[in-house]
Amino acid sequence: MRLITTVAAIAMAAPALAEEVNVYSYRQPELIAPLTDAFTEETGIKVNVAFLNQGMVEKLEAEGDRSPADLVFTVDISRLNSVVEAGLTQPVESEALLATVPANYRDPEGHWYGLTTRARIVYASKDRVADGEVTTYEDLADPKWEGRICTRSGTHAYNVALTSAMLVHHSEEEVKEWLEGVKANLARKPQGNDRAQVKAIWAGECDIAIGNTYYMGKMLADEEQKEWADAVNIVFPTFEDAGTHVNISGVALVKSAPNKENAVKLMEFLTSPKAQEIYAAANFEYPIAPGTTPVDLVASWGEFTADDTNLMEIAKRRADALRLVETVDFDG
């Protein structure tokens, strides 16, 4: 009798084990594990995550309709939009997603939805930069910053997105002049990641740096890097006629998704207040669902008004932004 019961139990469990959703992610599995674990606990649907360092579009194109991928997770609007532009996604119509994702953080046609935001801010030396000395992104080209700015490569996705946003608010000629001005103010050739810029401020190589907000949380959680973080303040610049530039982490449904229903369930879960708070806390980012708030550490960095430009408008200007960065030889 015991054997029959065991066999029956296994047979009943088999369909549940078959319920799954497959994710290709530019975010490390450990960063999204709290989310996928919570989703599985709530729904019984297993989430399989394949982490990719690069080449997501190429991989999906090579796999074609045979791809096991249901969803793509990525950071940066240009990376997310590149999957859409390659014709690898399908639109999702969901009342839950429309209710929880603000219009400027989703594709108007439903091909992608934002999950969290991060601001592209200025890290400023506590010792060498006065309060109120940094106000706008445009101000970074002011000669008063000559030899005082550090940044990573101008062709990196985060900086290209900022330049793309500049193109939303200014003419191409004005943005070219701005890039030339920022380049003239660099203390060293663009190099390293955002954390490396904060280390350079700590070391006295420069006074201000361009970076993403969440790196402050990551540095404060690292014994060695905490000293770097303690040397700077976070400043939220704005565009002269708008708010602070933000970028997103986001999700899109793959065109050939074999587990579409489960994938949409995961998308809706990820934008729910419960998941938003888990995700934002794990990555020191800002949740986007109405009624949600960042964790205390992130909130302590200060309040800001985000630029309300739809991120698709920024993504559309990526090619022009990259061309301008290369024209002025920003990294040279």
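All the letters of the sequence shown, read from the start, carry residue numbers 124 to 455 under our numbering.
Positions of the beta carbon are idealized from the N, C-alpha and C atoms, including for glycine.
Note that the structure is predicted; figures quoted are calculated from it, not measured.
Check each candidate in the options and name the one with the smallest Cα separation from residue i.
{"i": "alanine 288", "options": "Val144, Ala429, Glu142, Thr450", "result": "Ala429"}
{"i": "histidine 279", "options": "Gly233, Ile272, Gly315, Val305", "result": "Gly315"}
{"i": "alanine 332", "options": "Met342, Val321, Trp325", "result": "Val321"}
{"i": "tyrosine 147", "options": "Thr163, Phe174, Ile168", "result": "Phe174"}
{"i": "alanine 319", "options": "Ala222, Thr239, Gly366, Val355", "result": "Val355"}
Can a CB atom of chain D be found closer than 8 Å to the CB of residue i?
{"i": "asparagine 356", "result": "The chain inventory of the structure shown lacks chain D, comprising one protein chain alone."}
Any idea if residue i is buried or exposed, counting beta-carbon neighbours within 10 angstroms, 16 or more meaning buried?
{"i": "phenylalanine 453", "result": "buried"}
{"i": "glycine 270", "result": "exposed"}
{"i": "glycine 373", "result": "buried"}
{"i": "alanine 134", "result": "Any reading at alanine 134 must be qualified, since the residue scores a pLDDT of 31, below 50, and its modelled position is unreliable; the value itself is stated next. That one is exposed."}
{"i": "glycine 455", "result": "exposed"}
{"i": "glutamine 458", "result": "Past the edges of the chain, shown from 124 to 455, lies residue 458, and the structure says nothing about it."}
{"i": "alanine 352", "result": "buried"}
{"i": "aspartate 250", "result": "exposed"}
What three-state label does DSSP hand residue i in the structure shown?
{"i": "phenylalanine 453", "result": "coil"}
{"i": "glutamine 399", "result": "helix"}
{"i": "arginine 441", "result": "helix"}
{"i": "serine 205", "result": "helix"}
{"i": "aspartate 250", "result": "coil"}
{"i": "asparagine 370", "result": "strand"}
{"i": "leucine 309", "result": "strand"}
{"i": "threonine 416", "result": "coil"}
{"i": "lysine 460", "result": "This structure leaves residue 460 out entirely; the chain is present only between 124 and 455."}
Please state whether the Cβ-Cβ distance between residue i and residue j is less than 8 Å.
{"i": "isoleucine 244", "j": "glycine 327", "result": "no"}
{"i": "proline 360", "j": "threonine 258", "result": "yes"}
{"i": "valine 283", "j": "leucine 389", "result": "no"}
{"i": "serine 379", "j": "serine 248", "result": "no"}
{"i": "tryptophan 424", "j": "methionine 339", "result": "yes"}
{"i": "leucine 302", "j": "valine 451", "result": "yes"}
{"i": "valine 369", "j": "arginine 241", "result": "yes"}
{"i": "isoleucine 357", "j": "tyrosine 260", "result": "no"}
{"i": "valine 298", "j": "isoleucine 437", "result": "no"}
Who does residue i pair with in a DSSP beta bridge?
{"i": "tyrosine 409", "result": "Thr240"}
{"i": "valine 198", "result": "Ser372"}
{"i": "valine 358", "result": "Val245"}
{"i": "phenylalanine 174", "result": "Ser148"}
{"i": "glycine 334", "result": "Ile244"}
{"i": "alanine 429", "result": "Thr367"}
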